[in-house]
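*Asks:* Once you've had a glance at the structure underneath, I'll fire off some questions.
There are 2 protein chains.
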Amino acid sequence: MARDDTPNAASVGTTERSFRILERLGDREGCGVSELADSLSISKSTVHNHLQTLRELGYVVQDGDEYRLGLQFLGLGDRARQHHDLYHVAKPETDSLVEAVGERAQVMVEEDGVGIYVYQSLADQAVRTDSHIGTVVDLHATAVGKAYLAHFPDDRLDTVLDRLVFDEQTPQTLTDAEALRTELDEIAERGYAFNDEERTVGMRAVGAPILSADDGHVLGAISVSGPTTRMNGTWYHEEVPEMVAQSAQIIGIRATYS
Amino acid sequence: MARDDTPNAASVGTTERSFRILERLGDREGCGVSELADSLSISKSTVHNHLQTLRELGYVVQDGDEYRLGLQFLGLGDRARQHHDLYHVAKPETDSLVEAVGERAQVMVEEDGVGIYVYQSLADQAVRTDSHIGTVVDLHATAVGKAYLAHFPDDRLDTVLDRLVFDEQTPQTLTDAEALRTELDEIAERGYAFNDEERTVGMRAVGAPILSADDGHVLGAISVSGPTTRMNGTWYHEEVPEMVAQSAQIIGIRATYS
DNA sequence: ACAAACGTTTTGTCAAGCCGAACACACTCG
DNA sequence: CGAGTGTGTTCGGCTTGACAAAACGTTTGT
Numbered sequence: 050m051a052r053d054d055t056p057n058a059a060s061v062g063t064t065e066r067s068f069r070i071l072e073r074l075g076d077r078e079g080c081g082v083s084e085l086a087d088s089l090s091i092s093k094s095t096v097h098n099h100l101q102t103l104r105e106l107g108y109v110v111q112d113g114d115e116y117r118l119g120l121q122f123l124g125l126g127d128r129a130r131q132h133h134d135l136y137h138v139a140k141p142e143t144d145s146l147v148e149a150v151g152e153r154a155q156v157m158v159e160e161d162g163v164g165i166y167v168y169q170s171l172a173d174q175a176v177r178t179d180s181h182i183g184t185v186v187d188l189h190a191t192a193v194g195k196a197y198l199a200h201f202p203d204d205r206l207d208t209v210l211d212r213l214v215f216d217e218q219t220p221q222t223l224t225d226a227e228a229l230r231t232e233l234d235e236i237a238e239r240g241y242a243f244n245d246e247e248r249t250v251g252m253r254a255v256g257a258p259i260l261s262a263d264d265g266h267v268l269g270a271i272s273v274s275g276p277t278t279r280m281n282g283t284w285y286h287e288e289v290p291e292m293v294a295q296s297a298q299i300i301g302i303r304a305t306y307s
Numbered sequence: 050m051a052r053d054d055t056p057n058a059a060s061v062g063t064t065e066r067s068f069r070i071l072e073r074l075g076d077r078e079g080c081g082v083s084e085l086a087d088s089l090s091i092s093k094s095t096v097h098n099h100l101q102t103l104r105e106l107g108y109v110v111q112d113g114d115e116y117r118l119g120l121q122f123l124g125l126g127d128r129a130r131q132h133h134d135l136y137h138v139a140k141p142e143t144d145s146l147v148e149a150v151g152e153r154a155q156v157m158v159e160e161d162g163v164g165i166y167v168y169q170s171l172a173d174q175a176v177r178t179d180s181h182i183g184t185v186v187d188l189h190a191t192a193v194g195k196a197y198l199a200h201f202p203d204d205r206l207d208t209v210l211d212r213l214v215f216d217e218q219t220p221q222t223l224t225d226a227e228a229l230r231t232e233l234d235e236i237a238e239r240g241y242a243f244n245d246e247e248r249t250v251g252m253r254a255v256g257a258p259i260l261s262a263d264d265g266h267v268l269g270a271i272s273v274s275g276p277t278t279r280m281n282g283t284w285y286h287e288e289v290p291e292m293v294a295q296s297a298q299i300i301g302i303r304a305t306y307s
């Protein structure tokens, strides 16, 4: 996880604890009090209290001795997404892109220095990975992320790059900021970004930025990803980039003229 | 809101406060500290502390003087939904139903006595309403809810009905439990449920239960809803019910044989 | 039948969440 | 142009209530 700093003292530790419990509940699907308490190093009684409170609020459901994440989070998530109008216009176009290319396509939006997938469309043949809607993605090690950063305003780019942790996820991962900068320049000129096993071995991706049609600032990014066995040759280097870039442009136009 | 009881003392009040803030943030899209503090009757400094904590966790984003719900909730919501396998099989079938019928279709799952929409598909002509994915719905005043309750185990039905608040939402809303019971019997026999302006004036809906193919217990419900101007005659009374019931059956079969 | 593991309940204590007041800043209006 | 009101933020003291540890009741498996 390229989770961020937090050097300063937080204010409400109790809330933080509740969310740590919730996130852990999301990882395993359904688990008991003791397992949570052990893995989080919190006393059982405390975990129990939190779970009871969250249950009454409807954000956790109790199923015998197991607790699971409640569906109420769908409401909060959807509300948050509604505020980004990009989602609405990107959804249908992304679906048609998947219909044309196959594989998997995802739409990313940046929020507070990290990228988050707001939509994902899968073809039948798509590879199952760990990326879902709501997944937090590194901006420097994905096709969407690099396509996005390539059109990021310079001043904000610096602060984002400073916060980046260049942990080497595969042998192909870029590990220094300077190499990333030069690649970003290439991407900006070319119009789309590649990801060749930088994050997951055996997976390739092509991403393109979604730009506002009037002032040209970047709204998000879209990518197609699949296994290297299918993503290769001119299909990977030319045809797919062409289609992704075209979809990105259509979304950008629709997004600007609401 | 048919929000529930909670007469007993909760355990972690701080967490409860955080979620009250988050829910309020979702209602208005983006607002400031003072507005939140006033409407929740919490001191400004407390609200500020909570917001800072939530911001560091990524669940709230700060945009100048405004705070908004963060997209991280998409992750939690999606995780919660993944645990319900009904979603995966219902999604494609719901989309085809919308393609055939037009209007709007939604899939509901019950959790802890309330119904929650886990998926929604809209045709171009669909009416914009306040129901989204994650919306909590009354089980007694919607087509999905009644279709679901009609196949609910008797013992659990009693407890659910006891907790129901029969607030009259439109002149057509059912207001006593006995009338609801007899209607549920009719629905169970007929196989589908109607909603004729019981929740929203001008809106009609047809819902059918999604039943497990082996033991017949109810997994959820699906409905199509639209304006009375288009939903009428045999279309409303026969053709649409036929299609909804058929989709529900298909989903039920696919859900049982994973 | 015992033991080990679980979830829940209880108890006391001290940290920490809460509030109110003061602060800094941005606007508006007379 | 300042007085005035509206923000969001910071500060300090008080007391609440969140926390951990241990006791309790049930279930599991050997």
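Just so you know, the sequences run in chain order A and B. Mapping the first sequence onto my numbering, position 46 (from 1) lands on 95, and the numbers just tick up by one. Mapping the second sequence onto my numbering, position 7 (from 1) lands on 56, and the numbers just tick up by one. Using N, Cα and C, we set each Cβ at its ideal position, and we do this for glycine too. As the structure is a computational prediction, the values presented were derived from the model and not from experiment.
1) May I ask you to report which of helix, strand or coil DSSP gives Met50/A?
2) Against chain A, with Cβ distances strictly below 9 Å, would Ala129/B count as a contact?
3) Tell me which residues of the region 250–268 of chain B have at least one Cβ-Cβ distance to chain A shorter than 7 Å, keeping chain order.
4) Since Arg130/A and Val167/A are thought to touch, with beta carbons under 8 Å apart, how far apart are those beta carbons, to the nearest angstrom?
5) Measure from the alpha carbon of Gln174/B to the alpha carbon of each residue in Val147/B, Tyr197/B, His181/B, Ala190/B, then state which is nearest.
6) Does DSSP classify Glu78/B as helix, strand or coil?
7) Report the three-state DSSP secondary structure of Gly162/A (helix, strand or coil).
8) Excluding the 5 residues flanking Leu188/B on each side, which residues of the same chain have their C-beta closer than 6 Å to its C-beta?
9) Strictly below 8 Å CB to CB, what residues from chain B border Arg117/A?
10) Would you say Leu85/B faces chain A, with C-beta separation under 9 Å as the test?
11) Using CA coordinates, which residue listed in Thr208/A, Glu159/A, Arg279/A is at the minimum distance from Leu268/A?
12) Can you name the residues of chain A whose CB is closer than 8 Å to the CB of Ile165/B?
13) How about Leu89/B: is its C-beta nearer than 9 Å to some C-beta of chain A?
14) How would you list, in chain order, the residues of chain B whose beta-carbon sits under 7 Å from the beta-carbon of Tyr197/A?
15) Identify the continuous beta strand (DSSP E) that holds Met252/B and give its terminal residues.
16) Does the beta carbon of Val214/A sit closer than 9 Å to a beta carbon anywhere in chain B?
17) So is Ala304/B buried or exposed if we call it buried at 16+ other beta carbons inside 10 Å?
18) Can you give the beta carbon distance from Ala196/A to Ala242/A, rounded, assuming they're within the 8 Å contact cut?
19) Going by Cα to Cα distance, which pick from His132/A, Leu125/A, His97/A is closest to Glu115/A?
20) Expressed to the nearest angstrom, what Euclidean distance is found between the alpha-carbon atoms of Val293/B and Val273/B?
21) Mind checking whether Thr219/A and Arg248/A have CB atoms under 9 Å apart?
22) Decide yes or no for the touch test of the region 122–137 of chain A against the region 117–126 of chain B: beta carbon pairs closer than 8 Å, at least 3 of them.
23) Suppose the cutoff is 6 Å on Cβ atoms and the five residues either side in sequence are ignored; what does the same chain contact list for Met157/B look like?
24) Helix or strand or just coil, what does DSSP make of Gln142/A?
25) Please work out which residues of its chain come closer than 6 Å, Cβ to Cβ, to Ala254/B, disregarding the five sequence neighbours upstream and downstream, and give them in chain order.
26) Is it true that the CB of Ser88/A sits closer than 9 Å to the CB of Arg308/A?
27) Where does the unbroken alpha helix (DSSP H) through Ser296/B begin, and where does it stop?
28) Measure the alpha-carbon distance for Glu238/B versus Val138/A and round it to whole angstroms.
29) Check the Cβ-Cβ distances between Val158/A and every residue of chain B, and say whether any is below 9 Å.
30) Rounded to whole angstroms, how far is the Cβ of Ile302/B from the Cβ of Glu142/B, which I believe are closer than 8 Å?
31) Comparing C-alpha positions only, which one of Ala154/A, Val150/A, Glu232/A, Ala190/A sits nearest to Val284/A?
32) Under 9 Å between C-beta atoms, does Val61/A make it to chain B?
33) Which residues share a DSSP beta bridge with Met157/A?
34) How would you write the range of the beta strand (DSSP E) that Asp204/B sits in, first residue to last?
35) Of all Cβ atoms in chain B, is any one closer than 9 Å to the Cβ of Ile271/A?
*Replies:* According to the data block:
1) Note that Met50/A scores 38 on pLDDT, short of 50, meaning its location in the model is unreliable; the coordinates nonetheless yield the value given after this. Coil.
2) yes
3) none
4) 6 Å
5) Val147/B
6) coil
7) coil
8) Gly164, Gly194, Leu198
9) Ala129, His132
10) no
11) Glu159/A
12) Leu120, Gln121, Leu123, Gly124
13) no
14) Simply none; closest approach about 14 Å.
15) 252–260
16) no
17) buried
18) 4 Å
19) His97/A
20) 7 Å
21) yes
22) yes
23) Gly164, Tyr166, Val193, Gly269, Ala270
24) Checking the sequence shown, residue 142/A turns out to be Glu, not Gln. It is helical.
25) Ala192, Asn244, Ser272, Ser274
26) Since the first and last residues shown for chain A are 50 and 307, residue 308/A lies out of range.
27) 289–305
28) 42 Å
29) yes
30) Not confirmed; about 10 Å, so no contact.
31) A small correction: the amino acid at residue 284/A is Trp; Val does not occupy that position in the sequence shown. Nearest C-alpha to Trp284/A: Val150/A.
32) yes
33) Tyr166/A, Ala270/A
34) Taken as a continuous stretch (DSSP letters only), Asp204/B belongs to no beta strand (DSSP E), being part of the alpha helix (DSSP H) at 203–212.
35) no
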